[in-house]
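In my numbering, the protein residues as written are 11 to 536.
We put the CB at the ideal spot given by N, CA and C, even for glycine.
All figures in this text were calculated on a predicted structure; none of them were measured in a lab.
I have placed the structure first, in the form of C-alpha cells, so that the comments after it can refer back to it.
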Amino acid sequence: MLYDRLDALRERTHSRLDAAHRGEHALNHQSMSERQSYHELLTGRLSQLRAVERGLCFGRLDNDDDTRLYIGRIGLFDDDYEPVLIDWRAPVAQAFYGATPARRLGIRRRRHLRTRGRTVVGIEDDVLDLATLDDMDDTERRQLSGEAALLASLTAGRTGRMNEIVATIQAEQDQVIRSDLAGILVVEGGPGTGKTVVALHRAAYLLYTHRARLAGRGVLIVGPNSTFTRYIDQVLPSLGETDVVLATLAELYPGVSATGRDEPLAARVKGDPRMADVVAAAVRDRQRVPGHDLELVVDREPYLLSRATCERARERARARADRDGELANRARRHFVRDILGALTRQAVDRLGADLLGDADVEDIRRELAGSPEVRTAIDDLWPELTPTELLADLYSSADLLAAAAPDFTAAEREALLRPGPPAAQRWTPADVPLLDEAAEHLGELDRAVYAAAQAERRERGRCRRRPATPGPGSSSSSSTSSSPTTSLPTTSIRWPRAWSGATGVERSAGRWPRARWETGRGCTGT
Numbered sequence: 011m012l013y014d015r016l017d018a019l020r021e022r023t024h025s026r027l028d029a030a031h032r033g034e035h036a037l038n039h040q041s042m043s044e045r046q047s048y049h050e051l052l053t054g055r056l057s058q059l060r061a062v063e064r065g066l067c068f069g070r071l072d073n074d075d076d077t078r079l080y081i082g083r084i085g086l087f088d089d090d091y092e093p094v095l096i097d098w099r100a101p102v103a104q105a106f107y108g109a110t111p112a113r114r115l116g117i118r119r120r121r122h123l124r125t126r127g128r129t130v131v132g133i134e135d136d137v138l139d140l141a142t143l144d145d146m147d148d149t150e151r152r153q154l155s156g157e158a159a160l161l162a163s164l165t166a167g168r169t170g171r172m173n174e175i176v177a178t179i180q181a182e183q184d185q186v187i188r189s190d191l192a193g194i195l196v197v198e199g200g201p202g203t204g205k206t207v208v209a210l211h212r213a214a215y216l217l218y219t220h221r222a223r224l225a226g227r228g229v230l231i232v233g234p235n236s237t238f239t240r241y242i243d244q245v246l247p248s249l250g251e252t253d254v255v256l257a258t259l260a261e262l263y264p265g266v267s268a269t270g271r272d273e274p275l276a277a278r279v280k281g282d283p284r285m286a287d288v289v290a291a292a293v294r295d296r297q298r299v300p301g302h303d304l305e306l307v308v309d310r311e312p313y314l315l316s317r318a319t320c321e322r323a324r325e326r327a328r329a330r331a332d333r334d335g336e337l338a339n340r341a342r343r344h345f346v347r348d349i350l351g352a353l354t355r356q357a358v359d360r361l362g363a364d365l366l367g368d369a370d371v372e373d374i375r376r377e378l379a380g381s382p383e384v385r386t387a388i389d390d391l392w393p394e395l396t397p398t399e400l401l402a403d404l405y406s407s408a409d410l411l412a413a414a415a416p417d418f419t420a421a422e423r424e425a426l427l428r429p430g431p432p433a434a435q436r437w438t439p440a441d442v443p444l445l446d447e448a449a450e451h452l453g454e455l456d457r458a459v460y461a462a463a464q465a466e467r468r469e470r471g472r473c474r475r476r477p478a479t480p481g482p483g484s485s486s487s488s489s490t491s492s493s494p495t496t497s498l499p500t501t502s503i504r505w506p507r508a509w510s511g512a513t514g515v516e517r518s519a520g521r522w523p524r525a526r527w528e529t530g531r532g533c534t535g536t
C-alpha cells in the first residue's frame, strides 16, 4: 500500500512537472519568477520521492489505544490527507526512538522492519509494555522476534533491563538529533560509534523542523575529503533531504582551490590561534607612512606629499574607521580624501585661491584623483587588497612576516615563507581559514577600484616619482608596492537556490558586495 502511494505521488508530480514545461511562455518578470519557483518546487519534490525508494518504511508503533503508526523516511498522505506514513522527524515519531519500558510514552510495541527492495525480509519487536508478556500464550510468544523474543524467554524474575539498555542507546542518539537549533552541538566518540550517522540525521531533522527558518540560510556540511562528501551526498537524500551544500575545507573559500600541501610545521603554524593576530597586523602594516617626503610630478607640476601629511591622514582614517566600525578597504576612502585634499590645496595656492570657484577646485581634485602618479602613490601607502593578495604578499616576504609576526620564532616564520612571486602562490586547506580571517579585516572591495589598481600597478614604471631630501630623523626605508596575485573572478560560485541567501556563501572570491567610490574618478577607493 505504501509503495502504491509512493508511485502515485511520483506519477502525479511528474505530470505536473511536464505540464509546467508545456505551459505558455511567461510574459513578464513576475510570471517567469513564479514559474521558476514552481518548477524548482516540483523538481525537488520529485527528487525526494525518488530518493526514498530503499527502506521507505522501517518501523511501526502500536499504541495503547490500539492505533498504529508506520514510521518512514518521509511522510505520505492519502487522498483525504490522512497520514499513512509518518516522517521520522515529525514530533509524533519521537516515541519510536525515545520510548523505553520505564518510559513508554503510550507505546505498547515498537516494531523494526528490514526490507530488501519492496519486500519485508525481517522483523524485530520491542515489547515496551512488559506486563503483556506474561499474558501471552505460546503461540503469541513464538510470533515475537528479535530482542522481544529474547525478553520473552527471560521474563521470569527479569525487569526488562536488557531491553531498556537497547532502547536507551537509541534514545540518547535521538536526544542529540532533536537538540535545539541554537548554539553549538559537539558529538564525541571513538571510531565507528555512529557520530556521522547522528550528524546526518540531525541535519535532516533540523531541515524538517525548522524549514521556514533555514530555507533562506541553508545547511552546510563540511567533510574532511571528497570521498566523505560523496558518501554524504548519497545518504542524505535517503533521509528525505536534498537541499544541502556539501564542501571540503579546501572548497570553503569561493574562488580559491586549495589543492596544495603544507609541510607539517607550516600546517601547525597556520592553525595556531596567534595567526588571527598576524593577519590583523598584516592588514595594518599595509597602511604605511613613507620614510621620507614624496615629491610627485603631475602634468609637469611638482607636488610635495610630506611624511607628516601621510601619517596624519592615516591616523585620521583609522580613528574614523574605529568609530564607525569600518574595515580597511572601506576606511581607505578617508585616507584618500585627506591626501587628495592636501594635494589640491597645493594646486589652489599655486594658481591663486581668489581666482578659483568651487567648481574649479573640484575639477582640480578630480584631475589629481585620475593622475597615475597620485594613484600609484596612494596605492603604495594604503593599497586596496583582496585576501589572496594580502596573504600571498605576506608569505613571499620575510620582512612582512617579521613585522606581522614578531612573537613567532625564526623557524615558524621560515615555515610560512614561500619563495617566488606572490602570483605563484598555491593555496592549501590550512590557508582557507586565514583567507576568511583576512576578508573579515579587509571588508568590502569595489571591483572597478580593484581593476583600476591592477592596471596602475602594471604601469608603475611610467610613474615619475622621486624622493625629496630626507628630513632629520626620518627613516631611509621606502614604501613598497603590493603585488597583484589571483584576480577576482567575474563569476560567482553557484550554490543551490536554498543556500543562496546564506551569509557569506554566494559570493565572489573577494566575498564582498560592490561599493561606490565617493571622492572622484579613479583612485578614490571605497
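{"Asked": "On the premise that LEU395 lies in contact with ALA444, defined as a C-beta separation below 8 Å, what is that separation, rounded to the nearest angstrom?", "Found": "The sequence given here has Leu at residue 444, not Ala. That belief does not hold up - the Cβ atoms of LEU444 and LEU395 are roughly 14 Å apart, past 8 Å."}
{"Asked": "Applying the criterion that 16 or more other CB atoms from any shown protein chain within 10 Å of the CB defines a buried residue, is MET42 buried or exposed?", "Found": "exposed"}
{"Asked": "Can you determine whether any heavy atom of the ligand SAH sits closer than 8 Å to the C-beta of VAL358, and answer yes or no?", "Found": "The model depicted lacks the ligand SAH and carries no ligand whatsoever."}
{"Asked": "So, helix, strand or coil for VAL307, using DSSP?", "Found": "strand"}
{"Asked": "Select from ASP89, ASP295, LEU337 the residue whose C-alpha is nearest the C-alpha of LEU404.", "Found": "ASP295"}
{"Asked": "Starting from the Cα of THR237, find the closest Cα among VAL279, GLN185, ALA257 and give me that residue.", "Found": "ALA257"}
{"Asked": "With ASN73 as the anchor, note down where its beta strand (DSSP E) starts and where it stops.", "Found": "67 to 73"}
{"Asked": "So the alpha helix (DSSP H) HIS220 belongs to, where does it begin and stop?", "Found": "Segment: none, HIS220 is in no alpha helix (DSSP H) and carries neither H nor E."}
{"Asked": "Of all the options ASP272, VAL207, ALA192, which has the alpha carbon lying nearest to the alpha carbon of GLY199?", "Found": "VAL207"}
{"Asked": "Does the distance from the CB of VAL254 to the CB of GLY228 come in under 9 Å?", "Found": "yes"}
{"Asked": "Return yes when the Cβ of LEU315 is within less than 9 Å of the Cβ of ALA352, no when it is not.", "Found": "yes"}
{"Asked": "If you count every other CB in all the chains shown that lies within 10 Å of the CB of ARG121, and 16 or more means buried, which is it?", "Found": "buried"}
{"Asked": "When the Cβ atoms of the region 361 to 373 are set against those of the region 258 to 268, are three or more pairs found closer than 8 Å?", "Found": "no"}
{"Asked": "Measuring CA to CA, which of ALA323, LEU79, VAL94 is closest to TYR13?", "Found": "VAL94"}
{"Asked": "Starting from TYR405 and walking both ways along the alpha helix (DSSP H), at which residues does that stretch end?", "Found": "397 to 405"}
{"Asked": "Please report the straight-line C-alpha distance between ALA414 and VAL288, rounded to a whole angstrom.", "Found": "5 Å"}
{"Asked": "Could you give the first and the last residue of the continuous beta strand (DSSP E) run that contains GLU134?", "Found": "129 to 137"}
{"Asked": "Would you identify the three-state DSSP class for ARG121, choosing helix, strand or coil?", "Found": "strand"}
{"Asked": "Indicate the three-state DSSP secondary structure (helix, strand or coil) for ARG126 in the structure shown.", "Found": "strand"}
{"Asked": "Nearest by alpha-carbon distance to TYR263: which of PRO439, PHE68, ALA277, LEU350 is it?", "Found": "PRO439"}
{"Asked": "Please state if the CB of ILE117 and the CB of ASP74 are separated by a distance shorter than 9 Å.", "Found": "yes"}
{"Asked": "Could you pull the start and end residues of the beta strand (DSSP E) that VAL255 belongs to?", "Found": "255 to 258"}
{"Asked": "Per the contact definition of three or more C-beta pairs closer than 8 Å, is the region 183 to 197 in contact with the region 212 to 222?", "Found": "yes"}
{"Asked": "Which two residues bound the contiguous alpha helix (DSSP H) that contains VAL371?", "Found": "368 to 379"}
{"Asked": "Would you mind giving the Cβ-Cβ distance between PRO111 and LEU86, rounded to the nearest angstrom? I have them listed as a contact below 8 Å.", "Found": "30 Å between Cβ atoms; not a contact."}
{"Asked": "Select from VAL384, LEU452, ALA341 the residue whose C-alpha is nearest the C-alpha of GLU325.", "Found": "ALA341"}
{"Asked": "Can you give the beta carbon distance from GLY204 to GLN183, rounded, assuming they're within the 8 Å contact cut?", "Found": "7 Å"}
{"Asked": "Could you give the DSSP three-state label for PRO382: helix, strand or coil?", "Found": "helix"}
{"Asked": "Over what stretch of residues does the beta strand (DSSP E) that includes LEU230 continue unbroken?", "Found": "230 to 233"}
{"Asked": "Take VAL371 and list the residues in its own chain whose beta-carbon comes closer than 8 Å to its own, dropping the five residues that flank it on each side.", "Found": "THR354, VAL358"}
{"Asked": "Just the C-alpha distance for GLN435 and ARG45, rounded to the nearest angstrom, thanks.", "Found": "45 Å"}
{"Asked": "Could you give the DSSP three-state label for TYR48: helix, strand or coil?", "Found": "helix"}
{"Asked": "Using DSSP with H/G/I as helix, E/B as strand and the rest coil, what is THR206?", "Found": "helix"}
{"Asked": "Where does ILE194 fall in DSSP's three states?", "Found": "coil"}
{"Asked": "For the alpha helix (DSSP H) that contains LEU95, what are its first and last residues?", "Found": "No alpha helix (DSSP H) contains LEU95, which is instead part of the beta strand (DSSP E) from 93 to 97."}
{"Asked": "At least one CB of chain C closer than 9 Å to the CB of MET42: is that the case?", "Found": "Annotation note: the requested chain C is absent from the structure, which comprises a single protein chain."}
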